[in-house]
Amino acid sequence: MPMISRQFAFVLMLLVSFAAKAADYVAIPAGQFESALAIAGHAAHLRLAAFSMRSEPVTNAEFLAFVKQHAEWRRGQVPSLLAGSSYLSQWQGPLEPGASILPDQPVTQVSWFAARAYCDSEQARLPNWYEWEYVSAADATRADARRDPARNQELLSAIQGASGNLPGVIGTGPANVYGVRDLNRLLWEWTGDYAAMFPNADARVPGSVANLALCGGSALAFADKNQYALMMRVAALTALRPADTASRVGFRCVRDPKGK
Amino acid sequence: MSRMLPIVLSASLLAAALYATPALAAKAAKPAGQAQTMAGDFGPPQGAPIEEKLVAPPGVPAPIHRNYPARVIVRMETRELVKEIADGVRYDFWTFNGSTPGPLIRVREGDTVELHLRNDPNSHMTHNIDMHAVMGPGGGAVSTATAPGHESVFTFKALRSGVFVYHCATPPVPMHIANGMYGLIVVEPPEGLPKADHEYYVMQGDFYTTGAYHAPGLQSFDMQKLLAEQPTYVLFNGREGSLTGDNALKSKVGDTVRLFVGNGGPNLVSSFHVIGAIFDDANVEGGTLVNHNVQTTLVPAGGATMVELSTPTPGTLLIVDHSITRAFMKGALGQISVSGPAQPAIYEKGPSTTFASKTERPVQKSVALSVGDQMADGKRVFSQICSACHQGNAMGLPGAFPPLAMSDYLNSDPKRAISIVLHGLSGKITVNSTGYESVMPALGPQLSDDEIANVLTYVLNNFNNKGGTIKASEVKAVRAAGPAK
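Chains A and B, in that order, are what the protein sequence lines are.
Heads up, the first sequence is in my numbering, so the first residue is 2 and it goes up one at a time.
Heads up, the second sequence is in my numbering, so the first residue is 3 and it goes up one at a time.
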């Protein structure tokens with residue numbers, strides 16, 4: 002914001018924080034990590050740099066504030082190339098979510114392009130898949146709880162037990178060791194690189210092998226075949242083109258450390 | 003020969019170059035993308051496209067009387083919904099068109115099938131469909147990954163007749179199948195199927211719930227039981243009791259019954275059997291090989307069969323997985339109710355006898371047992387004999403075996419139970435406002451007066467019944483009196 006004085010920016014930030022509770026970004030330390038996805042049939046060993054992540058998904062109130070500021074992302078104004086016909090369709094009007102939509106619930110029916118624009122608006126970006134997976138491996142006491150069958154079962158029960166077409170309430174489960182909530186149980190979240198990670202019958206990759214869409218393909222594509230909740234997430238994203246939206250697909254953002 | 007080949011080849015190439023008639027040219031260079039003629043392909047679809055009329059299981063679309071290949075439009079929708087898996091037990095099913103199994107699709111060999119797959123906007127999961135009748139990658143799964151609120155379309159030519167499974171193939175595949183996402187597509191041969199008086203659709207599946215068998219309330223999918231391949235329920239048509247009692251399949255004396263039988267799995271292979279019937283015809287593994295006079299036929303997970311049976315006598319036939327623990331302990335039980343006049347020349351029940359009471363058993367001193375001893379012995383008899391049908395929890399099986407627990411029928415007249423155990427019972431009775439029509443064998447020949455007194459006393463004082471005591475002397479008197487006429 003080079004044109005705006007610092008003081009004004011501060012006031013603006015205050016206003017925004019009144020309209021919608023300002024998002025907390027919590028620090029995620031650098032670390033080593035083994036992805037559940039296979040690369041060429043083998044588990045991917047990764048070294049991740051430090052970043053920070055929103056502790057909670059982006060809410061309806063936050064996204065409303067965003068479209069109020071950015072008319073080009075309002076329902077009815079956004080080009081269909083960037084957001085399909087069901088974009089924010091659960092809201093009563095382009096600027097009125099309506100009584101059935103809770104302000105502090107995760108926003109869904111947002112396209113990948115819209116999610117990316119939102120993160121950009123708060124000087125952040127969508128996480129890449131490995132960043133997302135790295136943080137989601139944690140539970141309240143362990144940085145990597147994925148080998149615990151009880152943890153995996155608990156996630157499945159929570160996902161399957163949720164009913165209706167809107168995600169459940171944020172924060173009913175404990176935050177994980179980093180202080181991040183609800184990565185695994187409420188909704189599927191966009192990642193910045195999803196289209197490259199999960200090539201599907203997408204027109205942008207003509208003739209590519211749709212590994213994950215195949216029955217046997219999924220057995221090849223996952224190094225850890227016990228992560229059912231993660232597989233659902235991959236399947237959910239695989240079926241979407243970037244302009245598509247779905248009732249259970251929302252997002253959160255991440256930031257790189259300052260000076261990067 | 004191998005040395006001659008190049009000569010032959012070059013000669014024919016030369017001929018093609020010299021006399022490039024259209025026919026030869028077509029042979030030499032087939033345009034890319036043009037399908038070769040193959041078995042089952044009767045050319046492009048003819049006539050107006052046909053909308054497939056899908057019906058809920060165990061119903062089956064009408065036989066096809068068509069002599070040309072058509073374009074058949076099939077519309078399916080994946081839905082996730084909580085339904086009863088057994089009385090008082092609910093489960094979050096994932097379905098095609100709201101039922102497990104999904105609707106049976108019926109087409110003719112050579113038909114072009116245009117499949118529209120919608121995913122309910124309220125779904126949580128992405129779904130797709132893999133049809134075993136398809137010759138092409140993923141059986142269609144590649145083309146149908148469908149997010150909630152979206153629709154996918156793919157087209158295939160049904161080139162092979164048979165009975166084929168379809169299922170969802172979205173990761174995690176075992177969970178999508180375990181939650182009920184499967185069904186059958188029948189591809190009729192060009193000449194159609196022989197006439198049968200009744201056609202029904204039965205599909206087995208194994209289910210994995212966090213709670214034990216019959217644990218009430220909403221049950222979650224249990225991942226560890228799935229991995230161990232130890233299901234809580236093994237069911238026909240997705241619900242215990244879906245084919246029993248009022249839901250029993252119907253036939254008449256002298257009629258034939260065709261069953262399209264599939265097994266969705268995800269894990270178990272079915273030993274498919276109908277108690278009281280012989281399969282006149284069984285299409286081995288759903289293909290064109292027909293076996294005859296078969297008692298039990300294997301249906302692999304992800305496989306199917308088509309069986310035909312005759313029903314020459316009236317009564318109730320039981321559909322089971324003859325890996326029989328599944329039938330009696332996990333729910334794999336259905337019924338075919340055959341109505342009509344008795345056919346004593348084919349099947350006749352003889353008179354009950356009291357043979358055992360006359361045998362030289364070791365003299366059983368009817369020592370007056372303490373109530374505790376009586377209960378302990380009664381418990382043994384119950385678990386060895388009664389629980390096979392009435393179940394370990396005495397809750398019975400819906401539509402098949404009446405409950406002994408909280409049973410108004412038992413508690414209203416405990417003495418009547420003595421005669422039933424001794425002499426058996428058949429015909430219609432009403433227990434806890436539910437009608438049952440099955441056969442209880444006479445156990446008089448098998449059990450002593452003491453054992454009968456003990457087991458009845460045990461049942462009366464357990465399973466939330468009203469209590470009471472039956473004495474061996476009472477049993478002796480009823481035994482002596484003989485069966486009521």
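Using N, Cα and C, we set each Cβ at its ideal position, and we do this for glycine too.
- Close CB contacts of A:Leu82 within its chain, under the 7 Å cut and outside five residues either way in sequence, are with Ala244 (chain order).
- Under DSSP, the beta-bridge partners assigned to B:Val259 are B:His200, B:Leu311.
- In the structure shown, B:Asp410 falls within a helical segment according to DSSP collapsed to helix, strand and coil.
- With 16 or more neighbouring CB atoms inside 10 Å of its own CB, B:Ile321 falls in the buried class.
- Residue state for B:Leu106 is assigned as coil, using DSSP reduced to three classes.
- Just measuring C-alpha positions, the residue of B:Leu300, B:Ala444, B:Ala334 sitting nearest B:Lys351 is B:Ala444.
- Measuring C-alpha to C-alpha distances from A:Arg55 to each of A:Met232, A:Cys254, A:Gly174 identifies A:Cys254 as the nearest.
- Contact annotation for A:Ser112 against chain B: no contact, minimum CB-CB distance about 12 Å [criterion: below 9 Å].
- Under the three-state reduction of DSSP output, B:Ile338 falls in the strand class.
- Of all C-beta pairs linking the region 298-306 of chain B to the region 266-281 of chain B, three or more are shorter than 8 Å, placing the two stretches in contact.
- A:Tyr229 is positioned such that its CB atom lies closer than 8 Å to that of A:Asn153.
- At least one CB of chain B lies nearer than 8 Å to the CB of A:Ser248.
- Counting only Cβ-Cβ distances below 8 Å, B:Gln226 has contacts in chain A at Pro150, Gln154, in chain order.
- The shortest C-alpha to C-alpha distance from A:Gly99 to any of A:Val79, A:Glu155, A:Met232, A:Leu65 is the one to A:Leu65.
- No Cβ-Cβ contact shorter than 8 Å links B:Met205 with B:Trp96.
- Annotation for B:Ala284: the continuous beta strand (DSSP E) segment containing it runs 281-285.
- The way I'd put it, the region 174-194 of chain A does touch the region 229-242 of chain A; three or more beta-carbon pairs between them come closer than 8 Å.
- Residues of the region 170-199 of chain B that bring their beta carbon within less than 7 Å of a beta carbon in chain A comprise Ala171, Thr172, Pro173, Pro174, Val175, Met177, in sequence order.
- Shown here for B:Thr459: same chain residues with a beta carbon closer than 6 Å to its own, the five before and five after excluded, namely Gln376, Gly380, Thr471, Ile472 in chain order.
- Note: B:His324 is not bridge-paired with any residue in the DSSP secondary-structure output.
- Nearest to B:Gly151 by C-alpha distance, out of B:Pro123, B:Asp43, B:His169, B:Ser101, is B:Pro123.
- Any Cβ of chain A closer than 8 Å to the Cβ of B:Thr211 would place that residue at the interface, and such an atom is absent.
- For B:Tyr168, the enclosing beta strand (DSSP E) stretches over residues 164-169.
- If you compare the alpha carbons of B:Ile277, B:Lys332, B:Met133 with that of B:Ala171, the shortest gap goes to B:Met133.
- Here A:Trp191 carries a coil assignment [DSSP, helix/strand/coil].
- Annotated as distal: B:Glu310 and B:Val263, with beta-carbon spacing of 8 Å or more.
- DSSP, reduced to helix, strand and coil, places B:Pro65 outside both helices and strands of the structure shown, so it counts as coil.
- Interface annotation, B:His126: in contact with chain A, CB-CB separation under 8 Å.
- Just so you know, the alpha carbons of A:Arg256 and A:Gln124 end up roughly 7 Å apart.
- Neighbours of A:Val235 in chain B, taken as residues whose beta carbon is under 8 Å from its own, are Pro173 in chain order.
- Here A:Trp130 carries a helix assignment [DSSP, helix/strand/coil].
- Inter-segment contact for the region 245-259 of chain B and the region 336-347 of chain B is present: three or more beta-carbon pairs are separated by less than 8 Å.
- When CB distances to chain B are screened at a threshold of 7 Å, the residues of the region 83-96 of chain A falling below it are Ser87, in chain order.
- Cα atoms of B:Asn434 and B:Tyr215: separation of roughly 21 Å, rounded to the nearest angstrom.
- DSSP lists B:Val236 as the beta-bridge partner residues of B:Asp208.
- The Cβ of B:Asp94 sits closer than 8 Å to at least one Cβ of chain A.
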